[in-house]
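**Student:**
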Amino acid sequence: MSPVYCEYWQRKRVYGTRSTTAVNASHFEQYCFDEHIQSSTTTALLVPSLPPFHYRLWHPMSNPIADNLDYFTQQQETSASSNKPFNQHEYHLSLRHHHHTRLQQGDSISSPSSPNEAMQDYSPFAFRRPDPSLWHSFVRRMSGVVPFPSTMPEQDDDDDNIAPAPYSEYTSPFGTAAQYRPPPMLGEDDNLPSMEEVVNEGIRAATSAELKENYFEHPFESDTSAPGSAELPPTAPWDTRPINEGVADAFEKYDEELLTNWKHTPSHENLAQHLKISLKEPDLDPKKEADKESDKDRRSMHRIDLQYGEIKWTVVRSNVDFYYLDMRIGMSNKFRGGSFGNSQDVRPPFPAGVRVVANRTLASMMLKENDKEEELLKRRSELEQYLRELVRRSKAEFHHELSEFLEISDISIVRDMGWKGKEGFFEYREVPTSALVHKIRRTNWTKQWIIIRDSYIAFCKDVHSRVPTDVLFFDTALKVNQDFGFARIHNYHVSLSNATRRLEFKGKAAEGLYESLKKVRSESPWVSGHRYKSFAPMRLNVKARWFVDGHEYFEAVADAILSAKSEIYIEDWWLYLRRPPKGNEEYRIDRILKRKAELDGVKIYIVIYRSMAVALPLDSQHTKNWMQNVHPNIIVLRHSNIATSPFWAHHEKILVIDSRLAFIGGLDLCFGRYDTHSHDLTDYLAGDERNPEIFPGQDYSNPRVKDFTKVSRYDMETIDKRLTPRMPWHDIHVGMVGQPARDIARHFIQRWNFIKSTTRARDRAEVPYLMPKGEYVSSRDEKKFRGTCRVQIVRSSAEWSLGIPREHSIYTAYMECISKAKHFIYIENQFFITATDSEDKQIKNMIGEALVNRIERAYREKEKFRVIVVIPSAPGFEGDFASPDRRSMALRSVAHYQYMSISRGSRSVLGRLHQKNIPAEEYIGFYSLRNWGRIKQPEQSPPGSNIKDDSPLGSIATVVGGESSNNNNNIGGGGGGGFLGRSNSGKQNRKRSRHKNGTNGGSEEQVRRSRQDSLKNRSQYPDDRMDYVTEQVYIHSKLMIVDDKTVICGSANINDRSQLGNRDSEIATVIEDTDLVPSRMNGVPYKASRFALTLRMNLFKEHLGIDDNSASVQLSKEEQWKINLVMDPLDDTFFHEVWNRTAKENTDIYHHIFRCVPDDTVPTFEVHRRFVPDPNRIPAGHIADPANWPEKRILDELNKIRGHLVTFPTEYLCRDNMLASIVQEAVPPAVFT
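Numbering follows this note's numbering, with no gaps: position 628 of the sequence shown is 649.
1. Would you be able to state if there are at least three C-beta pairs under 8 Å between the stretch 1221-1240 and the stretch 1156-1175?
2. Does the distance from the CB of Ile473 to the CB of Ser424 come in under 8 Å?
3. Relative to the C-alpha of Asp1149, which candidate in Phe1121, Arg913, Gly900, Arg1176 has its C-alpha closest?
4. Can you tell me whether DSSP reads Ile715 as helix, strand or coil?
5. Val548 and Leu499: beta carbons closer than 8 Å?
6. Could you give the distance in angstroms between the alpha-carbon of Asn1018 and the alpha-carbon of Val890?
7. With DSSP as the reference, label Ile939 as helix, strand or coil.
8. So Lys865 packs on Ala856, CB below 8 Å; how close in whole Å?
9. Alpha carbon to alpha carbon, what distance is there between Gln1053 and Glu984?
10. Within 10 angstroms of its Cβ, does Gln919 collect 16 or more other Cβ (buried), or is it exposed?
11. Report the three-state DSSP secondary structure of Tyr880 (helix, strand or coil).
12. Of all the options Arg951, Ala834, Glu451, Trp669, which has the alpha carbon lying nearest to the alpha carbon of Arg1176?
13. From the DSSP output, in three-state form, read off Gln649 for me.
14. Keeping to the same chain, check which residues put their C-beta closer than 6 Å to that of Gly208; ignore five residues upstream and five downstream.
15. So is Gln402 buried or exposed if we call it buried at 16+ other beta carbons inside 10 Å?
16. Would you kindly work out how many angstroms separate the C-alpha atoms of Leu1240 and Gly926, rounded to a whole number?
17. Looking at the structure shown, is Leu327 part of a helix, part of a strand, or coil, going by DSSP?
18. So the beta strand (DSSP E) Ser822 belongs to, where does it begin and stop?
19. Across the stretch 1140-1158 and the stretch 1187-1205, are there enough close Cβ pairs to call them in contact, namely three or more that are closer than 8 Å?
20. Rounded to a whole number of angstroms, what is the C-alpha to C-alpha distance between Arg887 and Lys1108?
21. Alpha carbons only, please: which of Asp1044, Glu884, Ile846 is nearest the one belonging to Ile868?
22. Does the Cβ of Val578 have 16 or more other Cβ atoms within 10 Å, making it buried, or fewer, making it exposed?
23. Evaluate contact between the stretch 802-817 and the stretch 759-771, counting only Cβ atoms and requiring at least three cross-stretch pairs below 8 Å.
24. Can you give me the Cβ contacts of Arg542 inside the same chain, cut-off strictly under 7 Å, excluding the 5 residues immediately before and after it?
25. Between Phe902, Glu1123, Glu217, Pro1211, which lies nearest to Arg1046 when the distance is taken from Cα to Cα?
26. On the DSSP bridge assignment, give the partners of Lys862 in chain order.
27. How is Arg783 classed by DSSP in three states: helix, strand or coil?
28. With distances taken Cα to Cα, identify the nearest neighbour of Leu620 among Ala1073, Ile629, Ser584, Arg560.
29. Going by C-alpha to C-alpha distance, which of Ser924, Leu397, Arg772 sits closest to Phe946?
30. Identify the residues that DSSP records as bridge partners of Pro1106: which are they?
31. Return the bridge partner residues of Val502 from the DSSP annotation.
32. Please classify His1157: is it buried, with 16 or more other beta-carbons within 10 angstroms of its beta-carbon, or exposed?
33. Excluding sequence positions up to five away, which residues of its chain have a Cβ less than 6 Å from the Cβ of Gln1041?
34. Hey, could you find the ends of the beta strand (DSSP E) Asn1119 is sitting in?
35. Quick check: what's the CA-CA separation for Asn1220 versus Met648?
36. Please go through the same chain and pick out, in chain order, the residues whose beta-carbon is closer than 8 Å to the beta-carbon of Lys885, but skip the five residues on each side of it.
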């Protein structure tokens, strides 16, 4: 076997010589991916011939608040220029008719731009098809966990705009009235359930779960009377676990070649070869068993059991139906001279006995009552042989009439589609949901091929359609009713409705449709109420893994994409492509996706947030055009603009591979997200051959100093590496295998279909409607990847984002988990904006109140209880706290509402506790992360870190993550600092250049002067004291851990934008690991969940600067003592002597050396101006008083810092109002909260 060359990441060269080791491929796979590997650090050391492309593949993430702020300030400027005052209240009212105005305007479709020369000229080397075991190897890797201690919208025109269709076009049976309602205004439908309602709903959902039976777990059987069903063990109530052992054994007997090659729809020849057919006596209605009519049915009707692979279904046909089939085939031109044209493919003779019986029936002649049983069985046997021969001879082309007879179509037999319900041609129409729409919309009947699955209905033009024309999802509001028209036999009506649509079907065959829908309504897990009122049920025996920081996650993304076999779903707030470092061009994301599309035929579907071009430098139109020109299999949709969501954005970060593996969390695929646990602040300059740069171009970012700009110029440096430190990024992501991945895929497909049906994309033939995979998946694929976690997907979605009634199951999960917490809550989040009083008119989410109530209960009952909250010390926006200008508005506004939630006033968390005379410091604490580093000079070796780091990237600073710009939902989010003036227009740039640089930024001229002054200052001192810098580690995580047992992780921040459901769209997962490991809680033995405990301990050790991941490091007694204490978050020694002491000592050192803000000793703007060094003399982040701090003294103090943990400055600017700005008054508070 040829060796696989495993390389340390290129970044290793920054700290030493690049090493390459050749190992046997099987040994390598066992070494990297074996389930017994417990260290996530170890799995990051070796990558099978995969250069470090991940962090370089996408562009930076900005923030949706920028959209909102720029829009409002532009309105204000327009009003000022026209001498008309800007009336904020009047504006909000005017938005109600804006949507209809938009629909009447025609939007031209922008022509796609071709890829750049680099893409056209590049000819990648011949890629070898991936090893089929790559997928299994990767998932095995997911079992590796942290070692457990042995001691214990752009506004350019394109076809993603809301389609300006006339009302007559809305009468299409595929549209929905609900999808075209104007967006809700700020403050509408913002009410959330109380804590009591949340708890009661949780009890109700748990009770209903115990009584619910999941029929679709066993789709092998078409009904309960099918042969073999009695041999299967009884189905557990509402148990969505993988197929039981009996069915799994049966599955193992199926044709290996069939399942291996069965990727999409089987060929006609393959179908004919493997389709199993048998005729049996039809099931009789128990109420009519003694009825003569029932006996007649038994003699004239036949139940046809069909099976192909894992799919089994039943159709019932009469003798006359068989006779008509033969006649229709005989009259078909295809059968006269086509498939049955030669001597071998002659149409099989129709059984004579059946022909006689059919003719007698058609002539209304009674069958002989003394018809012998032997004759009946003989006719049935002849019909079975006839049907089998007909199928065999039609292998060249499965005939239309035969397909309809067997209820099979080109998309019927698709792997992983699960239970197969009724299929056939039906007449149906869309029934308006309101009287007003009923008068406008046409109600014409339409005939199409309809397919029922366990979670949806698909509509197709005919049996040979490969893609549906529409998909209707079943939900908890599903209702099914039957009725009869004037002629009872020929006008059997079935009505079907979900939360947003209502359909009506008619015809004799609709009775079978009704039976299938009844089964769905009574037994599908998608139509019953779930915990937290989520759209998705709880999943059992799931394998899940957490990823801390970009290095680990992006490695996993690369392996996952390379393992894809059928489809890839990507949804991100902002996706951008750029060139990676020299030598790794073939691993750029667009080229990897192209490789999968070309060589493996993988379909790739991408949804990106569509921002206002005037506000954000996202350039999503360029991204869309570029990606779609890479390969036809890559399809991109953009969504959200001023017409559908003037304030809110899509904030999910989703990657789904083959509906079997999914990632969700806080990490976007863009600039500024890559980071390691060391969170280095500095980088080598471009062109240094001995020390290559890690963060080229705009990937070296600090949005507190300068936001991203002109992102199409990815190689442009926005900040000077010789002067300004980058802002590290700390984030958390989760990967899951199996059923939760299908739930996330269903969410993505629902969004995709919603965008398809409500934008101009509905006229694009190349953009298909998608169908989710079934509830059941072959155990062969997932049995070996079963884990120990209980997982449930929750989301924030509403009409504007998904075309559904508002869902806020993320908020409900937060509230219920906090209420039920027994010991400890750990929170990491980008924001903490919440209310503690229902009388608060600006902030609606009551997460703060839930925390206060739980602490109050612990104090009243004298329980040991603790809450630790880790958030950024300052919002990640460009600007200066001391400047009330436009540029600093987002920074100051977000900080204001955050302080009002934490410590300002009687309605803050700390204020409420102090009112009740509760010693808040014993129950809750707020913390942040900060790091220090040294500006790298050419051929300069990095200084020692305050912790040891044996990762391939080495370390220059300390430990944990950070953020740079804000994320989409994040009010201060990814990619960016200033929300205003982000446009690259000359006018705005000129305005920006006039802004004063208070602390963290300034104009290009000021930066240039500061750089010159810095170089002069450096030359004034005999040492390198001016090279030492500091910056906050930006926390972008969206994480809560409760009692070391429950984990909530996703894209949702703690603010109204994420939690209310009808604002930014979000997705998260609730994970409870049933694998309990010994731990300690409040000094006593405690059984903790492995997933939650290992994640929390990993984060604590990073934040505290404790490293026990290397076997080569001999831990001191003090280090081992700290590790043991980290296990128990309620231990007073740990909390006061380790956690709080480390935070306070680190904070004091940063305070004296750098004088960085925010700071608790700065209560007013005046003190702020005196405290912060003059930016024209001392660049931001550098030593505040270099004259009194020689390099040796600086290093002596910095080496005392442990980890990244610092205290959150709750008293910063406590005596001044950060909202004192005229510009801020023009923007609704909801934009910031």
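Glycine included, each C-beta is placed from N, C-alpha and C at the ideal position.
**Tutor:** Taking the definition as stated:
1. yes
2. no
3. Phe1121
4. coil
5. A contact, by the Cβ cut-off of 8 Å.
6. With a pLDDT of only 36 at Asn1018, under the threshold of 50, the placement of this residue in the model should not be trusted; the figure read from the coordinates follows. Roughly 31 Å separates the two Cα atoms.
7. coil
8. 7 Å
9. Only weak support is given to the placement of Glu984: the predicted model assigns it a pLDDT of 34, under 50, and the value that follows is read from those uncertain coordinates. For the pair Glu984 and Gln1053, the Cα-to-Cα distance works out to about 8 Å.
10. buried
11. helix
12. Arg951
13. helix
14. Only weak support is given to the placement of Gly208: the predicted model assigns it a pLDDT of 49, under 50, and the value that follows is read from those uncertain coordinates. The answer is none, since no qualifying residue turns up.
15. For clarity, residue 402 is Ser in the given sequence; the question names Gln instead. Ser402 counts as exposed, since fewer than 16 other C-beta atoms from the protein chains shown sit within 10 angstroms of its C-beta.
16. 15 Å
17. strand
18. No beta strand (DSSP E) contains Ser822, which is instead part of the alpha helix (DSSP H) from 820-823.
19. no
20. 18 Å
21. Ile846
22. Val578 comes out buried.
23. Cβ pair count under 8 Å is three or more, so yes.
24. The residues are Leu499, Val501, Val548.
25. Considering only alpha carbons, the answer is Pro1211.
26. None; Lys862 has no bridge partner.
27. Correct three-state label for Arg783: helix.
28. Ser584
29. Sequence inspection shows Gly at residue 946; the Phe mentioned does not correspond to that position. Closest option to Gly946, Cα to Cα, is Ser924.
30. Arg1101
31. It should be noted that the sequence gives Asn, not Val, for residue 502. Per DSSP, Ser516.
32. exposed
33. none
34. Asn1119 -> not in any beta strand (DSSP E); alpha helix (DSSP H) instead, spanning 1111-1125.
35. 47 Å
36. His844, Ala879, Asn1103, Leu1151
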